[in-house]
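First residue of the sequence shown: 1, per our numbering; consecutive thereafter. Have a look at the structure below before the remarks.
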Amino acid sequence: MAQVKQGDTVQIHYTGTLDDGSVFDSSEGRDPLEFTFGQGQVIPGLEVGMEGMSVGDKREIKAPADQAYGPVFEEARQSVPRTELPDEIPMEIGTQVHAQNQEGQVMTLTIFEISETHVVLDANHPLAGKDLTFAVELVSIG
């Protein structure tokens with residue numbers, strides 16, 4: 001039976017959970033996730049864990065933070081005056097806002113901390129610093 005290898009187009013169904021068991025993402029109710037294996041289109045820990053799988057195989061894959069979205073960088077958090085944020089943005093921890101950087105790229109920032117005068121915006125990926133677990137089923141190899 002064929003095993004997944006570099007350059008294969010693969011389709012998987014998956015459920016991603018955190019250490020506390022909460023689900024952060026899943027393909028349930030959707031088409032399988034399709035990507036080219038070995039091309040860095042998914043986090044490294046997922047690809048490493050899929051090595052040797054064949055169609056129909058199911059596997060639990062653990063991806064430590066350094067093979068997922070990396071560590072949390074404190075320098076990616078910035079305090080800005082509340083007056084610089086539009087009034088329509090809800091002032092709640094966890095709210096995501098979009099901003100343009102100096103190169104014109106749109107970034108997603110998360111409200112990390114709120115005080116009376118300032119808001120700390122976090123540019124880290126929401127899953128940075130977290131170990132992830134994936135329940136994976138290999139649907140196809142193309």
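In this text, a Cβ means the ideal position worked out from N, Cα and C, and glycines have one as well.
Could you pull out every residue in the same chain whose Cβ sits closer than 7 Å to the Cβ of residue i, ignoring the five residues on either side in sequence?
i: PRO81; result: THR117 and HIS118
i: THR108; result: GLN96 and HIS98
To the nearest angstrom, how far is it from the Cα of residue i to the Cα of residue j?
i: GLY129; j: ALA68; result: 8 Å
i: ALA123; j: THR110; result: 7 Å
i: PHE134; j: GLN11; result: 14 Å
i: SER79; j: PRO32; result: 39 Å
i: SER26; j: THR9; result: 19 Å
i: MET91; j: VAL4; result: 46 Å
i: HIS125; j: GLU34; result: 22 Å
i: THR83; j: GLU75; result: 22 Å
i: ASP87; j: LEU127; result: 27 Å
i: SER140; j: VAL55; result: 5 Å
i: GLY40; j: TYR14; result: 17 Å
i: ALA2; j: LEU121; result: 46 Å
i: ILE43; j: VAL72; result: 16 Å
Quick one: give me the first and last residue of the beta strand (DSSP E) that residue i is part of.
i: PRO81; result: 77-81
i: VAL48; result: Looking at the DSSP string, VAL48 is not in any beta strand (DSSP E); the run it does join, the alpha helix (DSSP H), is 44-50.
i: GLU28; result: Taken as a continuous stretch (DSSP letters only), GLU28 belongs to no beta strand (DSSP E), as it is neither H nor E.
i: VAL10; result: 9-17
i: PHE35; result: 33-36
If residue i and residue j are in contact, beta carbons under 8 Å, what's the gap, nearest whole angstrom?
i: PHE37; j: GLY7; result: 7 Å
i: LEU138; j: ASP20; result: Going by Cβ atoms, the distance from LEU138 to ASP20 rounds to 27 Å, so no, they are not a contact pair.
i: PRO64; j: GLY49; result: Actually they are not in contact, since the Cβ atoms of PRO64 and GLY49 sit about 11 Å apart, beyond 8 Å.
Can you find the residues in the same chain that come closer than 8 Å, C-beta to C-beta, to residue i, ignoring five residues on each side of it along the sequence?
i: GLY94; result: THR110 and ILE111
Uninterrupted beta strand (DSSP E) stretches inside the segment 56-139 (no shorter than 3 residues): Whole beta strand (DSSP E) segments, 3+ residues: 58-63, 77-81, 96-100, 106-114 and 118-122.
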